[in-house]
Amino acid sequence: MSTLNPIAPGCFPRLIFYYFLLARRIGICRALHAFNHYRLWQTFFAELGWEVVLSSPTGRSTVEQGVRLAPSELCLPVKAFLGHVAEVKEQVDVLFLPRIVCRRVAYDWFFGCPKAIALPDLTRAVFDSLPRVVEPILDGQLQTEEAAFRAALSGFGRRTEVRRAWRTAVLAARAGGQRTRAEGSPLHMFGSTAGSRSSSGTAVRIGVVGHPYLLFDSGLSLDVMDRLREAGAVPVVWFPNDVEVERESRKETALNWYYELELLAAARRMLEVDRVDGLLLVASFACGTGAVTNEIVHREAVHSHGVPTVQVLLDEHTGEAGLITRIESFVDMLRLRKR
Amino acid sequence: MRIAFPYMGSAPIAIEGLLRALGAEVVMPPKPTRETIELGSRLAPEMMCIPFKITLGNMLRCLEAGADVLAYVTGSWSCRFGYYGRLQARILRDEGFRFRLLELRHDHIPEIIREVRLLNRGRTSRAVINGLRALRIGWLKSTAVEEVEAQFRRIMPNARDPGPCLVLLDEMLGEVQSTQNPTAISRVRQSACSRFAAMPLKPEARTLRVKLVGESYCVVEPFINFGIIARMGEMGVMVDPFLTSHRWIGFHGFRLNKDEVVQLRRLSAPYWRYCVGGEDQNSVGHLLLAARHGYDGVIHVHPFGCMPGTVVQPTMVKAARDHDIAYLPLSLDEHTSEAGVLTRLEAFASLLEKRKRRHAV
Numbered sequence: 001m002s003t004l005n006p007i008a009p010g011c012f013p014r015l016i017f018y019y020f021l022l023a024r025r026i027g028i029c030r031a032l033h034a035f036n037h038y039r040l041w042q043t044f045f046a047e048l049g050w051e052v053v054l055s056s057p058t059g060r061s062t063v064e065q066g067v068r069l070a071p072s073e074l075c076l077p078v079k080a081f082l083g084h085v086a087e088v089k090e091q092v093d094v095l096f097l098p099r100i101v102c103r104r105v106a107y108d109w110f111f112g113c114p115k116a117i118a119l120p121d122l123t124r125a126v127f128d129s130l131p132r133v134v135e136p137i138l139d140g141q142l143q144t145e146e147a148a149f150r151a152a153l154s155g156f157g158r159r160t161e162v163r164r165a166w167r168t169a170v171l172a173a174r175a176g177g178q179r180t181r182a183e184g185s186p187l188h189m190f191g192s193t194a195g196s197r198s199s200s201g202t203a204v205r206i207g208v209v210g211h212p213y214l215l216f217d218s219g220l221s222l223d224v225m226d227r228l229r230e231a232g233a234v235p236v237v238w239f240p241n242d243v244e245v246e247r248e249s250r251k252e253t254a255l256n257w258y259y260e261l262e263l264l265a266a267a268r269r270m271l272e273v274d275r276v277d278g279l280l281l282v283a284s285f286a287c288g289t290g291a292v293t294n295e296i297v298h299r300e301a302v303h304s305h306g307v308p309t310v311q312v313l314l315d316e317h318t319g320e321a322g323l324i325t326r327i328e329s330f331v332d333m334l335r336l337r338k339r
Numbered sequence: 340m341r342i343a344f345p346y347m348g349s350a351p352i353a354i355e356g357l358l359r360a361l362g363a364e365v366v367m368p369p370k371p372t373r374e375t376i377e378l379g380s381r382l383a384p385e386m387m388c389i390p391f392k393i394t395l396g397n398m399l400r401c402l403e404a405g406a407d408v409l410a411y412v413t414g415s416w417s418c419r420f421g422y423y424g425r426l427q428a429r430i431l432r433d434e435g436f437r438f439r440l441l442e443l444r445h446d447h448i449p450e451i452i453r454e455v456r457l458l459n460r461g462r463t464s465r466a467v468i469n470g471l472r473a474l475r476i477g478w479l480k481s482t483a484v485e486e487v488e489a490q491f492r493r494i495m496p497n498a499r500d501p502g503p504c505l506v507l508l509d510e511m512l513g514e515v516q517s518t519q520n521p522t523a524i525s526r527v528r529q530s531a532c533s534r535f536a537a538m539p540l541k542p543e544a545r546t547l548r549v550k551l552v553g554e555s556y557c558v559v560e561p562f563i564n565f566g567i568i569a570r571m572g573e574m575g576v577m578v579d580p581f582l583t584s585h586r587w588i589g590f591h592g593f594r595l596n597k598d599e600v601v602q603l604r605r606l607s608a609p610y611w612r613y614c615v616g617g618e619d620q621n622s623v624g625h626l627l628l629a630a631r632h633g634y635d636g637v638i639h640v641h642p643f644g645c646m647p648g649t650v651v652q653p654t655m656v657k658a659a660r661d662h663d664i665a666y667l668p669l670s671l672d673e674h675t676s677e678a679g680v681l682t683r684l685e686a687f688a689s690l691l692e693k694r695k696r697r698h699a700v
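Read top to bottom, the protein sequences are chains A and B. Position one of the first sequence corresponds to residue 1 (the working numbering), numbered consecutively onward. Position one of the second sequence corresponds to residue 340 (the working numbering), numbered consecutively onward.
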């Protein structure tokens, strides 16, 4: 024990050595882009020997906490994210705050939304005290993703293991992506099972277009998919693969936001291949990118395919009753139309 | 070719001069009114930011007036501003208008040069001469407008009567707009200082200084920010916008003045690492600069739902608290009432007054 005594002479370098060997607890928020990349992040940190703490599913209290902290004009998912940070930051000694800036698809750069880029700055401004932060800057113009993670970990020691951990994580993420596409839900990443996907031939099929972090977070979306099933419709979701996203990026209507490009590709697939009867566009109130995407999808669906659309905007005041009424009337309208 | 472009502050004066010198026929966008907003809001997506709605209404008016080419600054980055051109063109085409969309972006430069040559009937030498002349006139007009507005901002808070100041401003801007003669434009610029200095002043001249930061359109366009500069001037507060239409054309359009960008980036680094658009980094940087230069307060304007504008708010609050400077955020959209904004401005002005007295003691 004497070696750990901080007053003993000559123990300071040894203390530093022990500090880097300590297993760390890293907190990841179950919000925003965790719904796309959690498998990657979790595998990576687990491979490094860190303990990954995932915040609990979004509940009423998470949202309320976030609403109290955030400026009122921010969108619901970001407010919920701040609620998750408030919950998880007490339990961990490192917090994971990615900065998603841009990545390359085909020949062009595709960006994250401004809120995703500024997320670490926002979090630092909102909270007075935070644990140490791992902040990979995922900017393809600057560095590869692996280099970003390596740089973010530079203060934590154990550099040599990053490459091996990264390779394992990428493989796990690829497998996770395939499972997401097969199941039509990213929730398997968090260890929960997806609902059954039964489809009968005559039922109305409704394509649902929205960010995974909104659609599959039942605390935010008020279970919009289950509401569709209850109303007697079959919800159709689609997770585009790299080829589809790349094809979409060459189109004239392409948007230079990566996650919106995915939504456009999904909507195109639903309209052209799945031939859905209607489109439900789900976005959060004050979602800036959603305003553009939904307008483009709406014009494409109505003018080129003759498919009706309805837009649902979610915020912390959205009532369940209002949502159910709108969905039921939309489904009824589509049923009449089909007949 | 009858060309039209979105309206913003007094920028159209210089841009119109430039285009006319190039040989294009310009459909001057009408000044925005309540009706423009309503027209734009009817067609635009509901959650779109207010500059989009106003410029959409404006372009509709220009098309009705017979424009057949729409020129937009577009691009692809994180802010929605880069998509204005494409999305508005789509909406207007669905409305049944026929026109050509001219995207002004760095990878379209050959197309722009071709356009200029076409204007001069394909003769390169004439295009070059006219192009240089156009740049000169645009630059002269822009600097003249800048000088007139700077004098206005300086004199207005101290003037005994604000009315004549506003009249003189309109008159001088009209003079710049109506002439294409370089010497006449220079004469207006040179006379600005003396003509404003002739205004009768208040006996005691103790003014408060406020920095105006935020999203470019909201800072530059007096219609959407309810003429914040003139209104605060009437209350005896000098408002110094970090961006004017002249700086928007020169500083942002051609990326002059790199030193300042570097300085602002260095200043704002502890608070804000990445510029995501909407002038967020500049706003943080200018807030810190204002605190350093002894301004009394900072007003931050942004359109409701502006992504960078809202996400930067907690940072601005924190920076203002750290550097002890008064801070007022204003979110503007088509439903913002003038009375509400005025009340907040008056309260802010009296707060500044009180702070100044407390610091003086």
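Beta carbons: idealized from backbone N, C-alpha and C, even for Gly. These figures come from a predicted structure and were not determined experimentally.
Count the other CB atoms within 10 Å of the CB of residue i; is the residue buried (16 or more) or exposed (fewer)?
i      : result
R60/A  : exposed
T649/B : buried
P6/A   : Its pLDDT being 49, under 50, P6/A is placed unreliably by the model, and the measurement read from it follows with that caveat. Exposed.
K480/B : buried
E685/B : exposed
L171/A : exposed
D509/B : exposed
P647/B : buried
Y610/B : buried
P449/B : exposed
H37/A  : buried
S2/A   : Reliability fails at S2/A, whose pLDDT of 42 lies under 50, so the model's placement of it is uncertain and the value that follows must be treated cautiously. So S2/A counts as exposed.
D139/A : buried
E320/A : exposed
P384/B : buried
A688/B : buried
Q427/B : buried
Which one or two residues does DSSP pair with residue i in a beta bridge?
i      : result
K550/B : D579/B, V637/B
C102/A : F111/A, D139/A
T309/A : L279/A
Y411/B : E442/B
I563/B : None, per the DSSP bridge assignment.
Y666/B : V637/B
F96/A  : V134/A
R205/A : V234/A
L512/B : In the DSSP output, where bridge partners are listed per residue, L512/B has none listed.
L540/B : A498/B
P390/B : None; P390/B has no bridge partner.
Mind reading off the beta-carbon distance from residue i to residue j? Whole number of angstroms is fine, and I expect it under 8 Å.
i      : j      : result
S417/B : G616/B : 5 Å
V134/A : V92/A  : About 11 Å separates the two Cβ atoms, so there is no contact after all.
Y411/B : F391/B : Contact flag wrong, Cβ pair sits at about 11 Å.
I567/B : V578/B : 6 Å
A282/A : S221/A : Position check: residue 282/A holds Val in this sequence, whereas Ala was assumed. Going by Cβ atoms, the distance from V282/A to S221/A rounds to 7 Å, so yes, they are a contact pair.
V331/A : V204/A : 6 Å
C287/A : M387/B : Going by Cβ atoms, the distance from C287/A to M387/B rounds to 11 Å, so no, they are not a contact pair.
H84/A  : A152/A : Not a contact, Cβ separation roughly 19 Å.
Taking contact to mean 3 or more Cβ pairs, one atom from each stretch, closer than 8 Å, check whether the segment 171-184 of chain A and the segment 231-242 of chain A are in contact. The segment 171-184 of chain A is in contact with the segment 231-242 of chain A.
Per the contact definition of three or more C-beta pairs closer than 8 Å, is the segment 340-358 of chain B in contact with the segment 627-644 of chain B? No, the segment 627-644 of chain B does not touch the segment 340-358 of chain B.
Would you say the segment 42-60 of chain A touches the segment 616-623 of chain B, given that touching needs at least three Cβ pairs under 8 Å? Pairwise C-beta distances place the segment 42-60 of chain A out of contact with the segment 616-623 of chain B, as fewer than three of them are shorter than 8 Å.
At a CB distance below 9 Å, what residues from the segment 94-107 of chain A approach chain B? Give them in sequence order. Hits within the stretch, in order: R99, V101, C102.
Please identify, using Cβ separations under 7 Å, the residues of the segment 624-644 of chain B that lie next to chain A, in order along the chain. Along the segment 624-644 of chain B, the positions whose C-beta sits under 7 Å from a C-beta of chain A are F643, G644, read in chain order.
Got a sec: which bits of the segment 600-614 of chain B sit with their beta carbon under 8 Å from any beta carbon on chain A, in order along the chain? For the segment 600-614 of chain B, which is checked against every Cβ of chain A, the residues closer than 8 Å are Y610, W611, R612, Y613.
Closer than 9 Å, Cβ to Cβ, to anything on chain A: give me those residues from the segment 454-488 of chain B, in chain order. Here the close residues number zero.
Using 8 Å as the Cβ pair cut-off and three pairs as the minimum, do the segment 510-520 of chain B and the segment 546-558 of chain B touch? With a cut-off of 8 Å, the segment 546-558 of chain B and the segment 510-520 of chain B do not count as touching, because too few Cβ pairs lie within range.
For the segment 408-436 of chain B, enumerate the residues whose C-beta is nearer than 9 Å to any C-beta of chain A, in chain order. Taking 9 Å as the Cβ-Cβ cut-off against chain A, the residues of the segment 408-436 of chain B that qualify are G414, S415, W416, S417, C418, R419, G421, Y422, R425, L426, R429, I430, D433.
Are the segment 495-504 of chain B and the segment 563-572 of chain B touching by the rule of at least three beta carbon pairs closer than 8 Å? With a cut-off of 8 Å, the segment 563-572 of chain B and the segment 495-504 of chain B count as touching, because enough Cβ pairs lie within range.
Along the segment 354-387 of chain B, what residues have a CB closer than 9 Å to any CB found in chain A? Taking 9 Å as the cut-off between beta carbons, the residues of the segment 354-387 of chain B near chain A are A383, P384, E385, M386, M387, in sequence order.
Any contact between the segment 340-355 of chain B and the segment 467-484 of chain B? By contact I mean 3 or more CB pairs, one from each, below 8 Å. The segment 340-355 of chain B, when compared against the segment 467-484 of chain B, does touch it at the 8 Å Cβ threshold.
Got a sec: which bits of the segment 667-690 of chain B sit with their beta carbon under 9 Å from any beta carbon on chain A, in order along the chain? Within the segment 667-690 of chain B, the residues whose Cβ lies closer than 9 Å to any Cβ of chain A are, in chain order, P668, S670.
Quick one, which residues of the segment 115-134 of chain A are near chain B if we go by CB-CB under 7 Å, in chain order? Per Cβ criterion, the list reads K115, I117, A118, D121, L122, A125, V126.
Determine which residues of the segment 52-74 of chain A have a Cβ less than 8 Å from any Cβ of chain B, and write them out in chain order. Residues are counted here when their Cβ sits less than 8 Å from a Cβ of chain B; for the segment 52-74 of chain A these are A70, P71, E73, L74, given in chain order.
Decide if the segment 54-74 of chain A is in contact with the segment 207-215 of chain A; the criterion is three or more beta carbon pairs, one per stretch, under 8 Å apart. No contact exists between the segment 54-74 of chain A and the segment 207-215 of chain A.
Closer than 8 Å, Cβ to Cβ, to anything on chain A: give me those residues from the segment 551-578 of chain B, in chain order. Across the segment 551-578 of chain B, no CB contact with chain A closer than 8 Å is found for any residue.
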